[in-house]
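Data first, discussion second: the structure below is written as structure tokens.
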Amino acid sequence: METGSIAWGLTATALVLFMTPGVAFFYGGLVKAKSVISMMMMSFGALGLISVLWILYGYNMSAVNGPTEFAGNPFSDFGLGELAMGETGSIDLLGATYGATFAIITVALISGAVADRAKFGSWMIFAGIWATLVYFPVAAWVWGGGWIMTLGDTLGLPGVIDYAGGTAVHINAGAAALALALVLGKRVGFQKGITKPHNVPLVLIGASILWFGWFGFNAGAEWLNGLANVGIIVINTLGATAAAILAWMLVEKFKDGKATSVGAASGAVAGLVAITPACANLEPGWALLLGGLSGAVCALAVELKFELGFDDSLDVVGIHLVGGIIGTLYLGFFAINTGLFTGGDLGQLAVQAIAGFSVLVYSFIVAYLLGLAIEKTIGFRIKNEDELAGIDTSVHGEEGYALERV
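One rule links them: number in the numbering used here = place in the sequence shown (from 1) + 829.
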């Protein structure tokens, strides 16, 4: 493999790893000042835990020998010793590290649904078990030779397109986030406007890091293909995100009378989510349309929690689940050569829908049962008085801002 491709693989791995601190900043700025440490620690906790589990057995589970296997054998190369000693060990370990960064951020995304009210220890238990039962197998289904990867051949239809994780990452995390929001219940005093972002610049910093890292997220895997499609991937990642920002702000302006910076940041994330599965399979014009559609729809979808009565604190459902579904299904209409309006038929839409909704249902059920089991045994939610006093001090013994009284 050319040294340039290897260098891009290393760079992309670092970019995607940096995205999890970006999630921490983005989420941290959105919560109350007395919850910022707790919120950011959930991302950093996931970073530590999932990295270790991936090296021990997660990577082994992320590839299968055929569509009938649920997941790979976790003990086939425990700790990756055999992989390291193989003839292409260095390259293989770089690929394994790149895969780890996807597992890490998928788990971290879920935490936004339970801001202000989750015990850190319980979160860590959930994160480790959910990754083992859900993310590692789903990665095998989508990218590791599993049933989703081979669904097109099974049905005699075009193959499922999920280039960088619309199904495996965003629908997966969004469904789990909805389940945990239902298990933990509403925050004290939950209502529209319950919490305004305590630090808007922190939100914008986090969104900027995410957009920066997303070029590694979407185009990173091209190091294995000699960077053949990197041009269309990066232009689509730029265009869809930019269009989503404009669409979200436009919806805000019509709905609330003002376009906000938090809305612009949220729109950027919505566009990034939607283009993730589609980045290598859309013409740039169709990518712009996808960005505008996802920005507008997600701006409206984040209000559903007030209409339906579930407390998804930081809109993981409204942005990641809804955005992931939009991006996944959109390919059924506009994927190059196979979309309904771009030379194909309904086959692409069919396989996209089967894959996306299957992962949604599986992730939701496992997350709900796991969250409920934790809540009924050791407890998942903190006490109401600790929530009101401040989760940072009650759980971590720290304050985000050491301010002296005058």
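Beta carbons: idealized from backbone N, C-alpha and C, even for Gly.
Computed from a prediction, not measured in an experiment: that's the story for all the values here.
Checklist entry - Relative to the C-alpha of E898, which residue among L1189, P966, A944, F855 is closest? => result Among L1189, P966, A944, F855, the Cα nearest to that of E898 belongs to P966.
Item to check | Own chain residues within Cβ distance below 7 Å of N1001, not counting five before or after | outcome: Contacts found: T935, V963, Y964, V967, V1188, S1192.
Item to check | Backbone secondary structure at A944 - three-state DSSP | outcome: In this structure, DSSP gives A944 a state outside helix and strand, which the three-state scheme calls coil.
Item to check | 4 or more residues per run - each alpha helix (DSSP H) lying fully within the segment 914 to 958 | outcome: Counting only runs of 4 or more, we get 918 to 939.
Item to check | 6 Å CB neighbourhood of W970 in its chain, flanking five on each side removed | outcome: The answer, listed in chain order, is W976, I977.
Item to check | Any alpha helix (DSSP H) of 4 or more consecutive residues that is wholly inside the segment 989 to 1046 | outcome: Segments of the alpha helix (DSSP H) lying fully in the segment 989 to 1046: 1001 to 1013.
Next on the checklist: Suppose contacts are defined by Cβ-Cβ distances below 7 Å. Is G1049 in contact with A1116 by that definition?
Outcome noted: No.
Item to check | Span separating the alpha-carbon of P903 from that of F1083 | outcome: Each residue's Cα considered, the two are about 52 Å apart.
Checklist entry - Which residues does DSSP pair with R1210 in a beta bridge? => result R1210 pairs with A947.
Item to check | Neighbourhood of L1137 by C-beta, 7 Å cutoff - its chain only, sequence neighbours within 5 removed | outcome: Sequence-distant partners of L1137 (beyond 5 residues in either direction) whose C-beta falls short of 7 Å from its own C-beta are missing from its chain.
Next on the checklist: For T983 and T996, I'd like the C-alpha separation in whole angstroms.
Outcome noted: Near 19 Å, if we compare the C-alpha coordinates of T996 and T983.
Next on the checklist: Can you tell me where the alpha helix (DSSP H) holding G874 begins and where it ends?
Outcome noted: Looking at the DSSP string, the run of the alpha helix (DSSP H) that includes G874 is 865 to 882.
Checklist entry - For Q1020, is the classification buried or exposed, using 16 other Cβ atoms within 10 angstroms of its Cβ as the cut-off for buried? => result Result: exposed.
Next on the checklist: On the DSSP letters alone, give me the boundaries of the alpha helix (DSSP H) that V1080 sits inside.
Outcome noted: 1059 to 1085 is the extent of the alpha helix (DSSP H) around V1080.
Next on the checklist: For the alpha helix (DSSP H) containing A853, name the first residue and the last one.
Outcome noted: First-last of the alpha helix (DSSP H) with A853: 832 to 859.
Checklist entry - To the nearest angstrom, how far is it from the Cα of T930 to the Cα of A937? => result If I take the Cα positions, the gap works out to 11 Å.
Checklist entry - In the structure shown, what three-state DSSP assignment does S1192 receive? => result Here S1192 sits in helix by DSSP.
Checklist entry - Going by other Cβ atoms of all chains shown within 10 Å of its Cβ, with 16 needed for buried, is A1103 buried or exposed? => result By the 10 Å Cβ count, A1103 comes out buried.
Item to check | Distance between P987 and V1180 (C-alpha atoms, nearest Å) | outcome: C-alpha separation (whole angstroms): 7 Å.
Item to check | Backbone CA spacing between T1157 and F949 [nearest angstrom] | outcome: If I take the Cα positions, the gap works out to 32 Å.
Checklist entry - What residue ranges within the segment 1112 to 1159 form continuous alpha helix (DSSP H) runs of no fewer than 4 residues, ordered along the chain? => result Whole alpha helix (DSSP H) segments, 4+ residues: 1113 to 1130, 1133 to 1137.
Next on the checklist: Pop quiz: G1055 and W1077 are said to be a contact at Cβ under 8 Å. What is the actual Cβ separation, rounded to whole angstroms?
Outcome noted: Not a contact, Cβ separation roughly 36 Å.
Checklist entry - Would you report the Cα separation of H1225 and E1216, rounded to the nearest angstrom? => result In a straight line, the C-alpha of H1225 is about 13 Å away from that of E1216.
Checklist entry - Buried or exposed: which applies to P1106, given that a residue is buried once 16 or more other Cβ atoms fall within 10 Å of its Cβ? => result Counting Cβ neighbours within 10 Å, P1106 comes out buried, since at least 16 surround it.
Item to check | Between the CA atoms of E1233 and I1154 - distance to the nearest angstrom | outcome: So the alpha carbons of these two residues sit roughly 47 Å apart.
Item to check | Residues near F1186 by beta carbon distance below 6 Å, same chain, minus five either side | outcome: Closer than 6 Å at the Cβ level, and outside the excluded window around F1186, lies no residue.
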